[in-house]
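In my numbering, the protein residues as written are 4 to 285. Heads up, the beta-carbon is just placed ideally off N, CA and C, and yes, glycines get one too.
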C-alpha cells in the first residue's frame, strides 16, 4: 500500500506521460464529457450558452463571415459553435476526436441545419482537402497540448489557412497560473462517478512547474480490477510568450482580445485570446 500511495503522489517530469485521448475515447468518460458540453449553465467542457451566443455574434462580425467564407473549428465537440457559425452562410467544417460528440453534432446538423461538414479525427493528424479563411480552436484546447504537439498544430494551421486567412484561439493566462495551488485530494467515486460506472476510489494530485508555467492535474482511478492514471497538462501564457511561439512557426499575431467574444484584454483575467494570420505572400 505504501508503494502504491507513493506512486500516486509521484511528480512526473513535464509531459513525461500523456493520456489526453482517454478523455475522448473511453465510452463512459466521453458520455460524461458530452453531458457537460450540453449543460449550458456551466463553464466545463463548453462555455455557457449565453457566452457562446455572444462569442459567435462577435466572430461573425469580426471576421465578416458570409456565403463566400470557409471556417474550420478544431475541437468542435458537439457542434455548439459550428452550428451557430454556419447560420452566417459560411462553409463550416468541424473536427473532433470524440466519436460520441461528432455523432451528436451530425444529428443536430441533420435535424436543425444549416449543414456542417463534421469529421471524426485527431486534429493533429487531420489533412483537409481545402483551405480555410478562418480557423478556430476554442475553450483553451491549445493549452492541453504538449510543446511538440503545439508546434505540429501551428504548422497545420499555417498550411490549412488561405493566404491572408485568420486563426482565433484562446489560452490560459499567467495570472491564472499564479492562482493555481498544488494539492492532493481523494474521494470514493471522485467527481460524482465521472471516471467510471463502477465503484472506484479517485485521487487528484495537482503539480505546478514554475519554470515551464505548466500545471498537471494527475487523476488516479482505482477500481476493483484495474488502476488508471490520467494526466491533464495545461500550459499558461502571457502575450509575449504566445506571440513568440506562434511567430516562431510562421504565423503573424495581429491582436490579443480579452476572450473569443471580443472583450478588451485584461491582465488579471484567467484567459485571453489571440488573432493571428497567414501572410498573403505565404
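Boundaries (first-last residue) of the beta strand (DSSP E) holding residue i
i, result
"residue 222", "217-226"
"residue 282", "That residue, residue 282, is in no beta strand (DSSP E); it is neither H nor E in DSSP."
"residue 231", "230-240"
"residue 141", "No beta strand (DSSP E) contains residue 141, which DSSP labels as neither H nor E."
"residue 33", "Per DSSP, residue 33 belongs to no beta strand (DSSP E); it is in the alpha helix (DSSP H), 30-41."
"residue 73", "73-77"
"residue 95", "94-99"
"residue 123", "120-123"
"residue 258", "255-258"
Nearest to residue i (by Cα), restricted to the options the options
i, options, result
"residue 122", "76, 9, 140, 55", "76"
"residue 281", "267, 275, 269, 252", "252"
"residue 266", "112, 225, 125, 60", "60"
"residue 71", "183, 134, 23", "134"
"residue 21", "226, 222, 199, 118", "222"
"residue 248", "217, 259, 153", "153"
"residue 10", "187, 273, 241", "187"
"residue 243", "13, 259, 211, 228", "259"
"residue 175", "199, 217, 79, 162", "217"
"residue 65", "269, 211, 84, 264", "264"
"residue 102", "89, 31, 209", "31"
"residue 79", "119, 46, 115, 161", "119"
"residue 90", "28, 62, 125", "62"
"residue 87", "100, 98, 106, 57", "57"
"residue 185", "208, 198, 127", "208"
"residue 95", "117, 210, 106", "117"
Continuous alpha helix (DSSP H) stretch holding residue i: start and end
i, result
"residue 148", "No alpha helix (DSSP H) contains residue 148, which DSSP labels as neither H nor E."
"residue 273", "Taken as a continuous stretch (DSSP letters only), residue 273 belongs to no alpha helix (DSSP H), as it is neither H nor E."
"residue 165", "Segment 164-176 is the beta strand (DSSP E) holding residue 165; no alpha helix (DSSP H) there."
"residue 107", "102-115"
"residue 59", "52-65"
"residue 10", "5-11"
"residue 87", "85-88"
Rounded Cβ spacing between residue i and residue j (contact assumed at less than 8 Å)
i, j, result
"residue 271", "residue 181", "In fact, because the Cβ distance is near 10 Å, the residues do not count as touching under 8 Å."
"residue 279", "residue 257", "6 Å"
"residue 136", "residue 73", "5 Å"
"residue 104", "residue 81", "5 Å"
"residue 274", "residue 173", "5 Å"
"residue 44", "residue 83", "So it is not a contact: roughly 13 Å between Cβ atoms."
"residue 212", "residue 17", "5 Å"
Legend entry - Three CB pairs or more closer than 8 Å across the segment 131-148 and the segment 192-208: no
Inset, instruction - Determine contact between the segment 191-201 and the segment 26-37, defined as no fewer than three beta-carbon pairs at a distance below 8 Å. - result: Judged by Cβ distances under 8 Å, the segment 191-201 makes contact with the segment 26-37, as three or more pairs qualify.
Inset, instruction - Could you tell me which uninterrupted alpha helix (DSSP H) segments, each at least 4 residues in length, are contained entirely in the segment 178-219, listed from first to last along the chain? - result: none
Inset, instruction - Determine contact between the segment 98-114 and the segment 137-145, defined as no fewer than three beta-carbon pairs at a distance below 8 Å. - result: no
Legend entry - Contact the segment 229-241 vs the segment 249-264: 3+ CB pairs below 8 Å: no
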